[in-house]
Ligand SMILES: C[S@@+](CC[C@H](N)C(=O)[O-])C[C@H]1O[C@@H](n2cnc3c(N)ncnc32)[C@H](O)[C@@H]1O
């Protein structure tokens with residue numbers, strides 16, 4: 008069964024609906040990377056909307072072949088996310104894929120490194136309540152997936168990002184977890200430190216000052 012839905016193909020995912028739910032950003036003149044791009048739906052949308060550079064990576068060569076057929080002018084690469092392109096991007100998408108990764112912190116830290124200073128990282132992923140880290144679940148087709156707890160995702164995995172929870176994503180048949188969307192920006196400017204305590208990094212400017220200047224307490 009195919010995953011993405013195009014005008015000529017019905018997949019298990021309502022891709023157009025997902026495009027709206029994730030609040031696809033303004034990409035005109037921007038450099039866009041889609042990690043786990045599948046058949047290229049979101050890359051094609053980025054190109055249509057005026058992105059100057061669009062790269063889609065997926066580890067499945069058959070999907071990349073199909074994506075190239077759909078859009079020969081887009082840079083689709085058969086590539087594992089363990090080895091992200093060593094290039095800077097303004098918009099990075101990671102949609103419905105995080106649960107396949109056993110090394111989520113590395114993946115998210117690698118994304119941080121190639122995101123431009125004012126860039127936006129859009130994460131759409133499933134999560135589970137609870138205090139732990141990753142929860143193993145067996146899917147209908149038997150493959151193992153690893154959903155993070157929301158706590159682990161927001162406090163640990165995304166600790167270097169300013170996060171905006173955009174809300175619940177599209178529902179998919181047979182999926183037992185809630186999926187949410189996060190728009191993430193790098194915590195890199197002084198105004199970022201006006202964030203609520205719970206998402207401020209421990210080494211924030213304010214926390215460093217707190218340790219050294221008693222009147223800051
Ligand atoms: C559920 S699909 C989501 C596709 C697309 N992001 C979307 O939301 O429509 C997950 C995609 O991640 C790809 N994928 C899984 N593991 C990967 C890895 N280690 N590196 C790159 N792509 C991977 C799969 O081949 C598949 O196309």
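Numbering (this note's numbering), first residue to last: 8 to 224. Ideal Cβ placement from N, Cα and C applies to all residues, glycine included.
Discussion item. Run through the DSSP bridge pairs and tell me what residue 187 is partnered with.
Written reply: 132 and 175
Worksheet item: Which class does residue 33 belong to by DSSP, given the choice of helix, strand or coil?
Response: Reduced to three states, the DSSP call for residue 33 is coil.
Practice prompt. Could you tell me how far apart the beta carbons of residue 25 and residue 176 are, in whole angstroms, since I believe they sit closer than 8 Å?
Written response: 7 Å
Discussion item. Suppose you measure from the CA of residue 146 to the CA of residue 152; what does that come to, to the nearest Å?
Written reply: Each residue's Cα considered, the two are about 7 Å apart.
Practice prompt. Confirm, please, whether the CB-CB distance from residue 13 to residue 48 is below 8 Å.
Written response: yes
Item to complete: Could you check what DSSP says for residue 206 in three-state terms: helix, strand or coil?
Response: Note that residue 206 has pLDDT 48, beneath the 50 cutoff, so the model's placement of it is unreliable and the number below is only indicative. Of the three classes helix, strand and coil, the one that applies to residue 206 here is helix, per DSSP.
Practice prompt. List the endpoints of the continuous beta strand (DSSP E) containing residue 241.
Written response: Nothing about residue 241 can be reported from this structure: the residues present for the chain run from 8 to 224 only.
Fill in: Residue nearest to residue 60 in terms of C-alpha spacing, selected from 46, 69, 68 and 92
92
Discussion item. Considering Cα atoms alone, identify which of 126, 113 and 78 is closest to residue 98.
Written reply: 126
Worksheet item: Touch check for the segment 28-44 and the segment 134-143: three-plus C-beta pairs under 8 Å?
Response: no
Worksheet item: Can you pull the DSSP bridge partners for residue 127?
Response: 98 and 192
Discussion item. In chain order, what are the residue ranges of uninterrupted alpha helix (DSSP H) at least 4 long that sit wholly in the segment 58-117?
Written reply: 68-77
Worksheet entry | Own chain, CB closer than 7 Å to residue 122, minus 5 neighbours either side, in chain order | For residue 122, where only same-chain residues beyond five positions count, the Cβ hits under 7 Å are 96, 99, 128 and 193.
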